[in-house]
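Presented below is the structure to which this report refers.
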Amino acid sequence: MKKVLIIANQFPPMGGSGVQRSVKFVKHLRSFGWEPVVLTRSAGNMPVKDETLLKDIPEGIKIYRTKPYEAPELKGAFRIPGKVLGKLTIPDSAYFWYKASRKKALEIIKEEGIDCVYTTSAPYSDHLLGLYIKNKTGLKWVVDFRDEWTNNPYTLDAPYNPVRTKIEKNMEHSVVTTADRLIANSPVMRANFIKNKGISGDNFFVIPNGYDKDDFEGLNLTPPKNSVFTLVYTGALYGRRKPDIFFEALSELISEGKINKNKIKVQLIGNYHKDKLQAQIDGFGLKGVVEIVGYVPHDECIKRQLSADSLLLIEGGGRGADAFYTGKVFEYMNTNRPVLALLPNGVAKDLVEKSKIGSVSDTESKDGAKKNLLSYYKQWEEGSLTFKGDRAVIEQYERKILTEKLAEILNN
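Just so we're aligned, residue 527 is where the sequence shown starts under this note's numbering, counting upward by one.
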(Lines of atoms letter the chains of each structure in order from A and count residues from 1; the text may use other names and numbers.)
(Lines give C-alpha, C1' and ligand atoms only; values in the text may rest on other atoms or scores of the structure.)
Protein backbone atom coordinates (compact mmCIF):
# COMPACT_ATOMS: atom_id res chain seq x y z
CA MET A 1 0.00 0.00 0.00
CA LYS A 2 0.96 3.61 -0.46
CA LYS A 3 1.48 5.43 2.83
CA VAL A 4 -0.01 8.70 4.01
CA LEU A 5 1.29 10.57 7.04
CA ILE A 6 -1.72 11.78 9.04
CA ILE A 7 -0.73 14.82 11.10
CA ALA A 8 -3.43 15.35 13.71
CA ASN A 9 -2.59 17.00 17.01
CA GLN A 10 -6.09 16.10 18.20
CA PHE A 11 -6.22 12.30 18.20
CA PRO A 12 -7.28 9.57 20.67
CA PRO A 13 -7.08 9.23 23.58
CA MET A 14 -8.07 12.90 23.33
CA GLY A 15 -11.86 13.14 23.37
CA GLY A 16 -14.22 15.53 21.64
CA SER A 17 -15.95 15.82 18.29
CA GLY A 18 -12.90 17.10 16.37
CA VAL A 19 -10.99 13.89 17.07
CA GLN A 20 -13.51 11.60 15.41
CA ARG A 21 -12.99 12.80 11.83
CA SER A 22 -9.31 11.89 11.90
CA VAL A 23 -9.67 8.56 13.68
CA LYS A 24 -12.45 7.41 11.35
CA PHE A 25 -10.31 8.21 8.29
CA VAL A 26 -7.50 6.19 9.87
CA LYS A 27 -9.92 3.35 10.57
CA HIS A 28 -11.10 3.00 6.97
CA LEU A 29 -8.20 4.10 4.72
CA ARG A 30 -6.74 0.60 4.39
CA SER A 31 -9.95 -0.45 2.62
CA PHE A 32 -9.03 1.93 -0.19
CA GLY A 33 -5.36 1.14 -0.66
CA TRP A 34 -3.72 3.58 1.76
CA GLU A 35 -1.76 2.74 4.91
CA PRO A 36 -2.09 5.60 7.43
CA VAL A 37 0.85 6.51 9.66
CA VAL A 38 -0.11 8.96 12.42
CA LEU A 39 1.90 11.78 13.96
CA THR A 40 0.19 13.26 17.00
CA ARG A 41 0.92 14.48 20.49
CA SER A 42 1.39 12.38 23.62
CA ALA A 43 -1.45 12.23 26.11
CA GLY A 44 0.06 14.59 28.66
CA ASN A 45 -2.61 16.57 30.50
CA MET A 46 -5.28 16.42 27.81
CA PRO A 47 -8.35 18.45 28.85
CA VAL A 48 -10.71 15.63 27.81
CA LYS A 49 -9.77 11.98 27.40
CA ASP A 50 -11.83 9.21 25.82
CA GLU A 51 -10.05 5.87 25.81
CA THR A 52 -12.97 4.21 23.98
CA LEU A 53 -12.00 5.99 20.75
CA LEU A 54 -8.77 3.97 20.66
CA LYS A 55 -10.76 0.89 19.60
CA ASP A 56 -11.28 2.52 16.18
CA ILE A 57 -7.57 2.30 15.39
CA PRO A 58 -6.89 -0.89 13.39
CA GLU A 59 -4.24 -3.28 14.62
CA GLY A 60 -0.77 -2.52 13.32
CA ILE A 61 -1.32 1.18 12.56
CA LYS A 62 1.82 3.05 13.54
CA ILE A 63 1.27 6.06 15.78
CA TYR A 64 4.13 8.38 16.64
CA ARG A 65 3.61 10.66 19.62
CA THR A 66 5.73 13.70 20.49
CA LYS A 67 5.63 15.85 23.61
CA PRO A 68 2.74 18.34 23.47
CA TYR A 69 4.52 21.44 24.86
CA GLU A 70 1.07 22.98 25.39
CA ALA A 71 1.21 25.95 27.76
CA PRO A 72 -2.48 25.79 28.81
CA GLU A 73 -1.89 22.31 30.24
CA LEU A 74 0.69 23.42 32.78
CA LYS A 75 -0.25 22.73 36.40
CA GLY A 76 0.31 24.28 39.80
CA ALA A 77 1.79 27.78 39.91
CA PHE A 78 2.24 27.73 36.11
CA ARG A 79 -1.45 27.06 35.34
CA ILE A 80 -2.64 30.67 35.00
CA PRO A 81 0.47 31.95 33.16
CA GLY A 82 0.17 28.89 30.88
CA LYS A 83 -3.41 29.76 29.94
CA VAL A 84 -2.43 33.35 29.17
CA LEU A 85 0.55 32.22 27.09
CA GLY A 86 -1.66 29.75 25.23
CA LYS A 87 -4.02 32.53 24.18
CA LEU A 88 -1.16 34.74 23.01
CA THR A 89 0.57 32.05 20.94
CA ILE A 90 0.06 32.40 17.17
CA PRO A 91 -1.84 30.70 15.60
CA ASP A 92 -2.72 28.54 18.63
CA SER A 93 -1.30 26.80 21.67
CA ALA A 94 -0.05 23.86 19.53
CA TYR A 95 2.59 26.08 17.91
CA PHE A 96 5.33 24.78 20.22
CA TRP A 97 4.29 21.20 19.44
CA TYR A 98 4.65 21.96 15.73
CA LYS A 99 8.11 23.43 16.24
CA ALA A 100 9.27 20.52 18.40
CA SER A 101 7.86 17.87 16.01
CA ARG A 102 9.51 19.01 12.76
CA LYS A 103 12.59 16.82 13.08
CA LYS A 104 10.54 13.77 14.06
CA ALA A 105 8.19 14.29 11.10
CA LEU A 106 11.10 14.21 8.65
CA GLU A 107 12.47 11.08 10.31
CA ILE A 108 9.10 9.34 10.00
CA ILE A 109 8.85 10.26 6.33
CA LYS A 110 12.25 8.72 5.63
CA GLU A 111 11.81 5.61 7.79
CA GLU A 112 8.27 4.79 6.65
CA GLY A 113 8.62 5.70 2.99
CA ILE A 114 5.73 8.18 3.12
CA ASP A 115 4.07 8.97 -0.24
CA CYS A 116 1.75 11.80 0.81
CA VAL A 117 1.06 14.08 3.80
CA TYR A 118 -2.39 14.96 5.23
CA THR A 119 -2.88 17.66 7.87
CA THR A 120 -6.11 18.57 9.65
CA SER A 121 -7.19 21.53 11.76
CA ALA A 122 -7.91 22.66 14.37
CA PRO A 123 -5.27 23.34 15.65
CA TYR A 124 -3.99 25.27 12.64
CA SER A 125 -0.41 24.57 13.70
CA ASP A 126 -0.95 21.14 12.11
CA HIS A 127 -0.91 22.91 8.74
CA LEU A 128 2.26 24.83 9.60
CA LEU A 129 3.93 21.46 10.12
CA GLY A 130 2.59 20.33 6.76
CA LEU A 131 3.90 23.51 5.13
CA TYR A 132 7.34 22.91 6.65
CA ILE A 133 7.38 19.33 5.32
CA LYS A 134 6.23 20.43 1.88
CA ASN A 135 9.00 23.01 1.62
CA LYS A 136 11.63 20.55 2.88
CA THR A 137 10.65 17.44 0.92
CA GLY A 138 8.32 18.39 -1.93
CA LEU A 139 5.92 15.59 -0.94
CA LYS A 140 2.31 15.92 -2.07
CA TRP A 141 0.26 17.58 0.66
CA VAL A 142 -3.47 17.52 1.43
CA VAL A 143 -4.91 20.14 3.81
CA ASP A 144 -8.19 19.46 5.61
CA PHE A 145 -10.13 22.29 7.28
CA ARG A 146 -12.70 21.03 9.78
CA ASP A 147 -13.46 24.71 10.45
CA GLU A 148 -12.48 27.93 8.76
CA TRP A 149 -9.33 29.71 9.95
CA THR A 150 -9.29 33.51 9.99
CA ASN A 151 -12.92 33.52 8.84
CA ASN A 152 -13.96 31.27 11.71
CA PRO A 153 -17.27 32.57 13.17
CA TYR A 154 -15.90 32.53 16.71
CA THR A 155 -12.87 34.58 15.65
CA LEU A 156 -15.14 37.03 13.84
CA ASP A 157 -17.10 37.52 17.07
CA ALA A 158 -13.94 38.34 19.05
CA PRO A 159 -11.38 39.59 16.51
CA TYR A 160 -7.67 39.50 17.27
CA ASN A 161 -5.58 42.65 17.21
CA PRO A 162 -4.52 43.86 13.72
CA VAL A 163 -0.95 42.56 14.09
CA ARG A 164 -2.00 39.03 15.00
CA THR A 165 -4.73 39.05 12.34
CA LYS A 166 -2.21 39.97 9.65
CA ILE A 167 0.23 37.28 10.80
CA GLU A 168 -2.48 34.58 10.75
CA LYS A 169 -3.82 35.68 7.37
CA ASN A 170 -0.30 35.39 5.97
CA MET A 171 0.07 31.92 7.49
CA GLU A 172 -3.28 30.88 6.06
CA HIS A 173 -2.41 32.26 2.62
CA SER A 174 0.87 30.32 2.59
CA VAL A 175 -0.95 27.11 3.47
CA VAL A 176 -3.78 27.36 0.93
CA THR A 177 -1.53 28.46 -1.93
CA THR A 178 1.15 25.80 -1.29
CA ALA A 179 -1.00 22.72 -0.64
CA ASP A 180 -1.60 20.33 -3.54
CA ARG A 181 -5.18 19.58 -2.47
CA LEU A 182 -7.56 21.29 -0.06
CA ILE A 183 -10.63 19.92 1.71
CA ALA A 184 -13.37 21.83 3.51
CA ASN A 185 -16.10 20.53 5.79
CA SER A 186 -18.96 22.24 3.92
CA PRO A 187 -19.61 23.75 0.46
CA VAL A 188 -20.07 27.25 1.87
CA MET A 189 -16.78 26.96 3.77
CA ARG A 190 -15.04 25.96 0.52
CA ALA A 191 -16.63 28.93 -1.30
CA ASN A 192 -15.48 31.30 1.46
CA PHE A 193 -11.86 30.14 1.18
CA ILE A 194 -11.89 30.54 -2.60
CA LYS A 195 -13.43 34.01 -2.40
CA ASN A 196 -11.37 35.34 0.50
CA LYS A 197 -8.04 33.95 -0.65
CA GLY A 198 -8.53 34.44 -4.39
CA ILE A 199 -7.55 30.85 -5.15
CA SER A 200 -8.76 28.38 -7.74
CA GLY A 201 -11.37 25.83 -6.73
CA ASP A 202 -10.03 23.12 -9.06
CA ASN A 203 -8.08 21.39 -6.31
CA PHE A 204 -10.51 22.22 -3.48
CA PHE A 205 -13.01 19.55 -2.38
CA VAL A 206 -15.75 19.06 0.21
CA ILE A 207 -15.87 16.13 2.62
CA PRO A 208 -18.35 16.68 5.45
CA ASN A 209 -18.32 14.91 8.79
CA GLY A 210 -20.42 11.81 9.18
CA TYR A 211 -21.43 8.86 11.33
CA ASP A 212 -19.89 5.41 11.65
CA LYS A 213 -22.48 2.64 11.41
CA ASP A 214 -20.12 0.40 13.39
CA ASP A 215 -20.70 2.65 16.42
CA PHE A 216 -24.32 1.49 16.43
CA GLU A 217 -23.54 -2.22 16.02
CA GLY A 218 -25.51 -4.33 18.50
CA LEU A 219 -27.50 -1.36 19.82
CA ASN A 220 -31.28 -1.18 19.77
CA LEU A 221 -32.46 1.53 17.37
CA THR A 222 -36.12 0.98 18.26
CA PRO A 223 -37.55 4.13 19.89
CA PRO A 224 -37.95 3.80 23.67
CA LYS A 225 -41.21 3.99 25.57
CA ASN A 226 -40.19 6.50 28.20
CA SER A 227 -42.63 7.53 30.93
CA VAL A 228 -41.20 11.06 30.64
CA PHE A 229 -40.63 12.90 27.35
CA THR A 230 -36.83 12.79 27.15
CA LEU A 231 -34.69 15.10 25.03
CA VAL A 232 -30.93 14.65 24.80
CA TYR A 233 -28.41 17.27 23.69
CA THR A 234 -24.82 16.22 23.05
CA GLY A 235 -21.94 18.60 22.44
CA ALA A 236 -20.49 21.89 23.61
CA LEU A 237 -22.31 25.07 24.61
CA TYR A 238 -20.09 28.14 24.17
CA GLY A 239 -19.84 31.41 22.28
CA ARG A 240 -22.78 31.72 19.89
CA ARG A 241 -24.05 28.25 20.68
CA LYS A 242 -26.29 29.07 23.62
CA PRO A 243 -29.31 27.26 25.07
CA ASP A 244 -31.10 30.49 26.13
CA ILE A 245 -33.82 30.48 23.47
CA PHE A 246 -34.62 26.82 24.05
CA PHE A 247 -34.64 27.27 27.85
CA GLU A 248 -36.96 30.27 27.53
CA ALA A 249 -39.30 28.38 25.20
CA LEU A 250 -39.46 25.37 27.53
CA SER A 251 -39.93 27.55 30.60
CA GLU A 252 -42.86 29.42 29.03
CA LEU A 253 -44.59 26.24 27.85
CA ILE A 254 -44.40 24.88 31.39
CA SER A 255 -45.65 28.18 32.88
CA GLU A 256 -48.54 28.24 30.40
CA GLY A 257 -49.55 24.73 31.45
CA LYS A 258 -48.99 23.31 27.97
CA ILE A 259 -46.21 20.99 29.11
CA ASN A 260 -46.29 19.11 32.42
CA LYS A 261 -43.06 19.83 34.28
CA ASN A 262 -43.08 16.31 35.66
CA LYS A 263 -43.43 14.79 32.19
CA ILE A 264 -40.36 16.22 30.48
CA LYS A 265 -36.63 15.79 30.95
CA VAL A 266 -33.70 17.38 29.10
CA GLN A 267 -30.21 15.90 29.40
CA LEU A 268 -27.11 17.93 28.44
CA ILE A 269 -24.12 15.77 27.60
CA GLY A 270 -20.76 17.46 27.06
CA ASN A 271 -17.83 19.26 28.66
CA TYR A 272 -19.38 22.31 30.38
CA HIS A 273 -18.68 24.99 32.96
CA LYS A 274 -21.25 23.38 35.21
CA ASP A 275 -21.72 26.14 37.79
CA LYS A 276 -22.45 28.78 35.17
CA LEU A 277 -24.75 26.50 33.19
CA GLN A 278 -26.63 25.36 36.30
CA ALA A 279 -27.20 28.98 37.32
CA GLN A 280 -28.70 29.58 33.89
CA ILE A 281 -30.96 26.55 34.23
CA ASP A 282 -32.10 27.67 37.67
CA GLY A 283 -32.73 31.19 36.36
CA PHE A 284 -35.27 29.84 33.89
CA GLY A 285 -36.96 27.81 36.61
CA LEU A 286 -35.88 24.52 35.04
CA LYS A 287 -34.16 22.92 38.00
CA GLY A 288 -35.13 19.25 38.00
CA VAL A 289 -36.16 19.45 34.34
CA VAL A 290 -32.78 20.07 32.72
CA GLU A 291 -29.97 17.81 33.88
CA ILE A 292 -26.26 18.41 33.28
CA VAL A 293 -24.81 14.96 32.67
CA GLY A 294 -21.35 16.22 31.67
CA TYR A 295 -18.85 14.52 29.38
CA VAL A 296 -19.23 10.79 28.77
CA PRO A 297 -17.20 8.45 26.49
CA HIS A 298 -18.30 8.34 22.87
CA ASP A 299 -19.89 4.89 23.05
CA GLU A 300 -21.86 5.92 26.14
CA CYS A 301 -22.89 9.13 24.37
CA ILE A 302 -24.52 7.14 21.56
CA LYS A 303 -26.38 4.98 24.08
CA ARG A 304 -27.67 8.15 25.72
CA GLN A 305 -28.88 9.42 22.35
CA LEU A 306 -30.73 6.16 21.75
CA SER A 307 -32.39 6.42 25.16
CA ALA A 308 -34.07 9.67 24.08
CA ASP A 309 -37.45 10.31 22.51
CA SER A 310 -35.99 13.29 20.65
CA LEU A 311 -32.57 14.85 20.13
CA LEU A 312 -31.84 18.54 20.58
CA LEU A 313 -29.66 20.43 18.11
CA ILE A 314 -28.58 24.04 18.73
CA GLU A 315 -26.30 26.30 16.69
CA GLY A 316 -25.87 30.07 16.95
CA GLY A 317 -26.38 32.60 14.20
CA GLY A 318 -24.28 35.54 13.04
CA ARG A 319 -21.65 36.21 10.44
CA GLY A 320 -20.22 33.01 8.97
CA ALA A 321 -22.78 30.73 10.60
CA ASP A 322 -24.19 29.66 7.23
CA ALA A 323 -20.98 27.71 6.51
CA PHE A 324 -21.01 25.77 9.75
CA TYR A 325 -22.09 22.14 10.17
CA THR A 326 -22.31 21.11 13.77
CA GLY A 327 -20.66 17.67 13.95
CA LYS A 328 -23.34 15.99 16.05
CA VAL A 329 -26.01 16.38 13.34
CA PHE A 330 -24.45 13.51 11.37
CA GLU A 331 -24.48 11.12 14.28
CA TYR A 332 -28.04 12.17 15.14
CA MET A 333 -29.02 11.09 11.62
CA ASN A 334 -28.43 7.41 12.34
CA THR A 335 -30.27 7.22 15.67
CA ASN A 336 -33.82 7.02 14.27
CA ARG A 337 -34.81 9.75 16.73
CA PRO A 338 -36.56 12.95 15.54
CA VAL A 339 -34.38 16.03 15.92
CA LEU A 340 -35.61 19.29 17.43
CA ALA A 341 -33.30 21.84 15.81
CA LEU A 342 -32.66 25.55 16.48
CA LEU A 343 -30.47 26.66 13.57
CA PRO A 344 -29.61 29.73 11.48
CA ASN A 345 -30.01 29.71 7.71
CA GLY A 346 -27.15 27.74 6.20
CA VAL A 347 -25.77 24.30 5.50
CA ALA A 348 -26.84 22.73 8.81
CA LYS A 349 -30.46 23.79 8.36
CA ASP A 350 -30.42 22.64 4.73
CA LEU A 351 -29.09 19.24 5.77
CA VAL A 352 -31.73 18.67 8.46
CA GLU A 353 -34.48 19.59 6.00
CA LYS A 354 -33.02 17.60 3.10
CA SER A 355 -32.56 14.47 5.20
CA LYS A 356 -35.96 14.97 6.89
CA ILE A 357 -34.54 14.04 10.28
CA GLY A 358 -36.44 16.67 12.26
CA SER A 359 -38.07 20.07 12.64
CA VAL A 360 -36.15 23.35 12.39
CA SER A 361 -36.85 26.75 13.91
CA ASP A 362 -34.62 29.79 13.57
CA THR A 363 -31.94 29.92 16.23
CA GLU A 364 -33.28 33.29 17.49
CA SER A 365 -36.99 32.40 17.31
CA LYS A 366 -38.48 31.61 20.70
CA ASP A 367 -41.93 31.23 19.17
CA GLY A 368 -40.61 28.81 16.56
CA ALA A 369 -38.88 26.75 19.24
CA LYS A 370 -42.08 26.71 21.33
CA LYS A 371 -44.16 25.55 18.37
CA ASN A 372 -41.86 22.66 17.47
CA LEU A 373 -41.24 21.60 21.06
CA LEU A 374 -44.95 21.57 21.88
CA SER A 375 -45.69 19.62 18.69
CA TYR A 376 -43.14 16.94 19.60
CA TYR A 377 -44.43 16.79 23.18
CA LYS A 378 -48.04 16.31 22.06
CA GLN A 379 -47.01 13.64 19.53
CA TRP A 380 -45.12 11.86 22.30
CA GLU A 381 -48.20 12.00 24.57
CA GLU A 382 -50.30 10.51 21.78
CA GLY A 383 -47.70 7.87 20.96
CA SER A 384 -47.34 9.18 17.41
CA LEU A 385 -43.84 10.72 17.54
CA THR A 386 -41.87 9.01 14.76
CA PHE A 387 -38.64 9.41 12.81
CA LYS A 388 -39.17 10.20 9.13
CA GLY A 389 -35.58 10.49 7.90
CA ASP A 390 -34.65 9.88 4.28
CA ARG A 391 -32.23 6.94 4.42
CA ALA A 392 -31.00 7.56 0.86
CA VAL A 393 -29.69 10.95 1.99
CA ILE A 394 -28.52 9.80 5.42
CA GLU A 395 -26.40 6.95 4.09
CA GLN A 396 -24.30 9.36 2.00
CA TYR A 397 -22.70 10.49 5.27
CA GLU A 398 -21.44 7.11 6.48
CA ARG A 399 -17.77 7.39 7.47
CA LYS A 400 -16.48 4.65 5.18
CA ILE A 401 -18.11 6.29 2.14
CA LEU A 402 -16.55 9.62 3.12
CA THR A 403 -13.14 7.97 3.57
CA GLU A 404 -13.38 6.65 0.02
CA LYS A 405 -13.65 10.28 -1.12
CA LEU A 406 -10.46 11.11 0.77
CA ALA A 407 -8.71 8.13 -0.83
CA GLU A 408 -9.74 9.36 -4.29
CA ILE A 409 -8.16 12.74 -3.50
CA LEU A 410 -4.97 11.04 -2.33
CA ASN A 411 -4.90 8.86 -5.46
CA ASN A 412 -5.22 11.88 -7.72
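All residues carry an ideal CB built from backbone N, CA and C; glycine is no exception. Quantities reported herein were computed from a predicted structural model and do not represent experimental measurements.
What would DSSP say about R591, mapped onto helix, strand or coil?
strand
Candidates L555, L776 and V702, of which the one nearest D893 by Cα:
L776
Compute the Euclidean distance between the alpha carbons of A717 and N788, then round it to the nearest angstrom.
47 Å
Can you list, in chain order, the residues of its chain whose CB lies under 7 Å from that of K896, leaving out five sequence neighbours each side?
A775, E778 and L779
Range of the contiguous beta strand (DSSP E) that encloses T566
W560 to R567
Once DSSP output is grouped into helix, strand and coil, what is the label at D876?
helix
Between W560, H554, K528 and D582, which lies nearest to G541 when the distance is taken from Cα to Cα?
D582
Closest Cα partner of I532 within the set Q804, T646 and L868
T646
Suppose the cutoff is 6 Å on Cβ atoms and the five residues either side in sequence are ignored; what does the same chain contact list for L665 look like?
V643
For my contact list, S881 and G915 are in at a C-beta cut-off of 8 Å; report their separation, rounded to the angstrom.
6 Å
Hey, N898 and S885 are a contact pair by Cβ (cut 8 Å); roughly how many whole angstroms apart?
4 Å
Separation of T681 from I709, as counted between CA atoms:
20 Å
Taking only beta-carbon atoms, is D808 less than 9 Å away from chain D?
Annotation note: the requested chain D is absent from the structure, which comprises a single protein chain.
Can you look up I780 in the DSSP assignment and give me helix, strand or coil?
helix
For L794, which of helix, strand or coil comes out of DSSP?
strand
Using 8 Å for Cβ pairs, my map puts T861 next to L839. What's the rounded Cβ distance?
That pair is no contact at about 12 Å.
Name the DSSP beta bridge partners of C642, please?
V530 and K666
Quick one: give me the first and last residue of the alpha helix (DSSP H) that G809 is part of.
K800 to G809
As assigned by DSSP and simplified to three states, the class of F742
helix
Return the CA-CA distance between S619 and P769, expressed in angstroms with no decimal places.
28 Å
For Y902, which of helix, strand or coil comes out of DSSP?
helix
Pull up the CB-CB distance for S700 and L657, whole angstroms please, since I reckon it's below 8 Å.
6 Å
Quick one: grab the DSSP three-state call for E694.
helix
Are the CB atoms of F772 and E907 nearer to each other than 9 Å?
no
Mind checking which residues open and close the beta strand (DSSP E) that includes R707?
R707 to A710
Grouping DSSP H, G and I as helix and E and B as strand, with all else coil, what is G909?
coil
Would you identify the three-state DSSP class for T760, choosing helix, strand or coil?
strand
Can you have a look at M527 and say buried or exposed, based on whether 16 or more other CB atoms are within 10 angstroms of its CB?
exposed
Taking the CB atoms as reference points, tell me whether F537 and I589 lie closer together than 9 Å.
yes
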